[in-house]
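Notes follow the structure.
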Amino acid sequence: MAFYPPEKIVIIARDSGVNKVNLPFFSTLILGFLAGAYISFGFLLYVRITAHLPLQSWGSIPEFIGAALFPLGLILVLLAGGELVTGNIMAVTTARLAGKITTWQIAKNWTIITVSNFIGAVFVAYLFGHQLGLTEIEPYLSQTIAVAESKINEPFLMALISGIGANWLVCLAVWLAYAAKDTAGKIFGIWFPIMAFVAIGFQHVVANMFIIPAAIFAGSFSWFMYLENFFAVFLGNTIGGAVFVGSFYWLAYSGNEKRE
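At position 249 of the sequence shown (counting the first as 1) the number is 280 in this note's numbering, and the numbers step up by one without a gap.
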């Protein structure tokens, strides 16, 4: 599997960030909706499989199995097409540091993508989770509520720190997908970091847009409780993607970028 070196990936990420902020508004909305739905499909698969596994006797194996299935979402986003705010955070930050886009363009892009990701995720949670009952019959209901509760019950600072770890790994998955020159390489590059963030238990703002509303539709928790989690995790995801991947790699290879 052929791949690009890191100094070339910086250029790819920069150009991707420029392309993202210049997408037409309607295209951005559609692709954002699809990305939110795709991540939700990955989480729904996680719930449907892990709910049947014996947690007490199997230890961490059920979590690993679920984590191994979850990458479906980002694979669909990056290969089929979608605009995911957490991945955009890294790409557009790189483009901004390179002086190719403005801060206003970043704010506009993040806002549109966040809203459309939310609509896509809640759509899947409501239509398939609530109306079809995929998250509201046992044992899936108990699993949905347990996972959502573990997210909501984290204090603000802990959720923020968890969000940093999640998007550090998610953006590394996007970074490795940029690096790969073929489909198989992209899938492998996506799979390992995403599996890791899920198995560790980090919080991802778009994944939470599915699992927490699914629990809310089932009669647990409130939208107000979700809001505090949203802001904490979004802030953490922003730091993880913009600082630890976008900024650090641009700073490390900015000399190459300027000579390009």
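The beta carbon of each residue, even a glycine, is placed where N, CA and C say it ideally should be.
Excluding the 5 residues flanking residue i on each side, which residues of the same chain have their C-beta closer than 8 Å to its C-beta?
i, result
"Ser173", "Ala82"
"Ile40", "Trp206, Tyr209, Ala210 and Tyr280"
"Val52", "Val123, Ala126, Ile132, Gln136, Ile137, Lys139 and Asn140"
"Gly272", "Thr117, Gly118, Ile120, Met121, Thr124, Asn198, Trp199, Val201 and Cys202"
"Ser193", "Glu185, Gly232, Phe233, Gln234, Val264 and Gly267"
"Thr214", "Leu110"
By Cβ distance below 6 Å, which residues in the same chain neighbour residue i in space, the five residues on each side in sequence not counted?
i, result
"Ala227", "Leu200"
"Leu86", "Pro93"
"Thr175", "Val78, Thr166, Ala245 and Ala246"
"Val178", "Ile242"
"Phe159", "Leu165"
"Leu60", "Ser147"
"Ile43", "Tyr209"
"Thr134", "none"
"Gly220", "Leu207, Ala208 and Ala211"
"Leu84", "Pro93"
"Pro224", "Leu200, Leu203 and Ala204"
"Met256", "Ile183"
"Phe95", "Ala230"
Enumerate in chain order the residues of its own chain whose CB-to-CB distance from residue i is below 7 Å, with the five nearest sequence positions on each side excluded.
i, result
"Val20", "Summary: the structure shown does not reach residue 20, with the chain confined to residues 32 through 291, and so no result is reported for it."
"Ile270", "Ile195"
"Phe154", "Ala68"
"Ile218", "Ile106"
"Arg290", "For Arg290, the predicted model reports a pLDDT of 48, less than 50, meaning its position is unreliable and no value from the coordinates is stated."
"Leu103", "Phe72, Gly73 and Leu76"
"Pro170", "Ala82 and His83"
"Pro37", "Tyr280 and Tyr284"
With distances taken from CA atoms, which of the options is nearest residue i?
i, options, result
"Leu282", "Arg45, Ala33 and Phe34", "Arg45"
"Phe187", "Ala263, Val274, Leu60 and Val49", "Ala263"
"Asn50", "Gly90, Ala122, Asp213 and Gly271", "Ala122"
"Gly216", "Phe57, Leu110 and Phe95", "Leu110"
"Trp222", "Ala99, His161, Phe275 and Leu191", "Ala99"
"Ala33", "Ala230, Ile143 and Lys212", "Lys212"
"Tyr157", "Glu38, Phe72 and Leu258", "Phe72"
"Phe56", "Pro102, Leu76 and Ile143", "Ile143"
"Ile150", "Ser58, Val108, Ala204 and Leu65", "Leu65"
"Ser58", "Glu259, Gly112 and Val276", "Gly112"
"His161", "Gly130, Ile183, Leu62 and Ser251", "Ser251"
"Ile168", "Gly97, Ser278 and Phe248", "Phe248"
"Ile183", "Ala230, Asn260, Leu54 and Phe255", "Asn260"
"Ala258", "Ala129, Glu38 and Asn239", "One point to set straight first is that residue 258 is Leu, not Ala, in the sequence displayed. It is Asn239."
"Thr145", "Ser285, Leu62 and Leu128", "Leu62"
"Ser181", "Ile225, Ala129, Val229 and Pro170", "Val229"
"Val276", "Val108, Leu128, Leu54 and Gly97", "Leu128"
Since residue i sits in a beta bridge, which residues does DSSP pair it with?
i, result
"Phe34", "Ala211"
Quiz item: Which parts of the region 165-250 are runs of the alpha helix (DSSP H), unbroken and 4 residues or longer, counting only runs that do not cross its ends?
Solution: The region 165-250 contains, as complete alpha helix (DSSP H) runs of 4+ residues, the segments 171-183, 187-210, 214-231 and 236-248 (chain order).
Quiz item: Which full runs of the alpha helix (DSSP H) of 4+ residues lie inside the region 110-155, going along the chain?
Solution: 116-128 and 134-155
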